[in-house]
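Read left to right, the sequence shown gives residues -18 to -1, 1 to 199 (mature numbering (1 follows the signal peptide of the UniProt record, and there is no 0)). Here a beta-carbon is modelled for each residue, glycine too, at the ideal position from N, C-alpha and C.
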Amino acid sequence: MSFFTTAILAVLASTALAAPVQPIKRAGAPTLYNIVAGQDGNNPGGDTTYVVDVTDGVLANGTPLQIWESFPGNDNQVFDLGTLPTIRPHGDNTLCLDAGEHPADGSRVHLWQCYDGLTQQAWTTINKDGFSLLKLRDWDLCLDVTDGNFADGTELQVWTCYDYSGDYSPNQRWQVPLAQWEFEGGLGGSRSTNTIPSHLTSTTWYVAEPHHYIIYL
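This is how it looks when you write it as structure tokens:
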């Protein structure tokens, strides 16, 4: 049994008859995030939340990055920002978000094998009021939703970090919350089986009481 699973069991045992458990973060894991389009209180997708997504889940050189409706727990939408200046998909830490050999306005962002010192793979986050910019560290180019088309399948590009009177382009506004998996657990007095997705752990564990649980990936 892993340390992570043991920690979950311990917390659940101590809170089975109390309020829902507090969020749990996997011990020793990378810092994993979703990259969400928009800013706090202003969702450009209306009722739909869009996030950065690895197209078709293909972890290979050249796979474009797109936006897609958010599905919590979907590995295509989870990225390791603990490796900054590189940003890496959760499923393969040998691949990086890459803006091409000579990045310029309109250069598509894709996955490519990580190489030390490549400026097209070096990113930085710039925190603003309620959102962040994801900027190429050595270029005045930001991660950008192509043509401002907030819809499934829109590919991502880099574009000049556009600041008009202090109000940055909505195409370049992002939030980077910790990735998480939410689920309902337990069926009252009986022991019910709750299987955590395989990318967390293959161990089946049990919850005795009905609560809403959140686990940070």
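| Check | Outcome |
| --- | --- |
| Going by the DSSP bridge assignment, what does PHE61 pair with across the sheet? | TYR15, PRO71 |
| With 16 as the cutoff for other CB atoms within 10 Å, does TYR15 come out buried or exposed? | buried |
| Taking just the CA atoms, how far does VAL60 sit from ARG70? | 9 Å |
| Does the Cβ-Cβ distance between THR106 and LEU66 come in under 8 Å? | yes |
| Mapping DSSP to helix, strand and coil, what is VAL126? | The identity of residue 126 in the sequence shown is Asp, whereas the question assumes Val. Strand. |
| How long is the line joining the alpha carbons of ALA154 and LEU123, rounded to whole angstroms? | The sequence given here places Gln at residue 154; Ala does not occur at that position. If I take the Cα positions, the gap works out to 10 Å. |
| Can you check which of these residues, VAL127, GLY135, ALA42, LEU115, is closest to TRP156 by C-alpha distance? | LEU115 |
| In or out: ALA20 buried (at least 16 other Cβ within 10 Å) or exposed? | According to the sequence provided, residue 20 is Gly. The question's Ala does not apply to it. Looking at its Cβ environment, which holds 16 or more other Cβ atoms inside 10 Å, GLY20 is buried. |
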